[in-house]
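> I have a structure I would like to understand better, so I am pasting it below and will then ask my questions one at a time.
In the UniProt record's numbering, the protein residues as written are 1 to 325.
In structure tokens, the structure reads:
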């Protein structure tokens, strides 16, 4: 039997000890090389793009010779206005990459010896950065779509005679949301959060290119797909795969997301559900990339991403409602 990729030596190309032993200067040089990889580490102004600059060594700032703008290695990135040392950011990225099923903010705060709030915001910044890769992506060919519901749990009453049918809408909290995955076979997975599967059809029609073949289960919300695509349906009450129709790859994604919820985060519902879903889609898309390769990809995505409009100053402005995982 062939060895699973995650158990192979090829999957291990990064050691946390190597990152943890970096000096501040080594971490700074690493950030510089990743951010300005297209110019082989040569800094250029984020405002005007000028390559000519002077360097203020005491503050580790660059001063553009063209527009006189002062910028650091993290200016204009998702790590702008940082307070933690650069090495801690690199270590956080390495820890984040090593979590095959994700990494909780509580554990990250203990790993970095920082406040929970700091780790929570940092982890969500990394999720935002990697999710930006598929923000406008489309899929084609053979595509599987499926949905899974999260949140809105209603605790049953103690006495049997007091219990209600939790499947009925009037007995639910209204907080339940469905994560819909659009997964291209041998390709990428795209995720979205809606109130119901039927609400996602317009998004599916926009993200799946015409001429694609769509596979879906027996849920009524997918009936509209027949108008736009050649659609194969599988009734999971009868079989998981039959008549060349199945959604097994979409189900594989939800298996990862469920294990992340149950084993790592414990609760991913609410306003952050889409962020956790996008993170797991990224991990599923690059599950055959070594941890070192993922580390480089996450760092590169973070340093290409502009400052977050949601997470910069999050605890001061309270962008999202409470109830985070």
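Cβ coordinates follow ideal geometry from the N, Cα and C atoms, glycine included.
In this structure, how does DSSP classify residue 140 when only helix, strand and coil are distinguished?
Residue state, collapsed to three classes: coil.
> Starting from residue 329, follow its DSSP beta bridges and name the residues at the other end.
In the structure displayed, the chain extends from 1 to 325; residue 329 sits before or after that span and is not available.
> Identify the continuous alpha helix (DSSP H) that holds residue 19 and give its terminal residues.
Its alpha helix (DSSP H) spans residues 16 to 20.
> Roughly how many angstroms separate the alpha carbons of residue 170 and residue 154, rounded to a whole number?
If I take the Cα positions, the gap works out to 12 Å.
> Return yes when the Cβ of residue 276 is within less than 9 Å of the Cβ of residue 261, no when it is not.
Contact flag set, yes.
> DSSP state of residue 409, grouped into three classes?
Residue 409 lies beyond the stretch modelled for the chain, which goes from 1 to 325, so this question has no answer here.
> Check this for me: beta carbons of residue 147 and residue 175, under 9 Å apart or not?
Cβ atoms of residue 147 and residue 175: not closer than 9 Å.
> Cutting at 8 Å between CB atoms, please list the residues of its own chain near residue 93, excluding the five before and the five after it.
Closer than 8 Å at the Cβ level, and outside the excluded window around residue 93, lie 126, 295, 298, 299, 302.
> Put residue 150 into one of helix, strand or coil per three-state DSSP.
The answer is strand: DSSP assigns residue 150 an E or B state.
> Residue range of the alpha helix (DSSP H) that residue 239 falls in?
Counting along the chain, residue 239 falls outside any alpha helix (DSSP H), and DSSP gives it neither H nor E.
> Buried or exposed: residue 89, going by 16 or more other Cβ atoms within 10 Å of its Cβ?
Answer is buried; the Cβ neighbour count reaches 16.
> I'd like to check one pair, residue 221 with residue 201: are the Cβ atoms closer than 9 Å?
Yes, they are a contact pair.
> Report the residue from 91, 130, 216 whose alpha carbon sits nearest the alpha carbon of residue 111.
Taking only the C-alpha atoms, the option nearest residue 111 is 91.
> Just verifying my parser: in three-state terms, what is the DSSP assignment at residue 264?
Reduced to three states, the DSSP call for residue 264 is helix.
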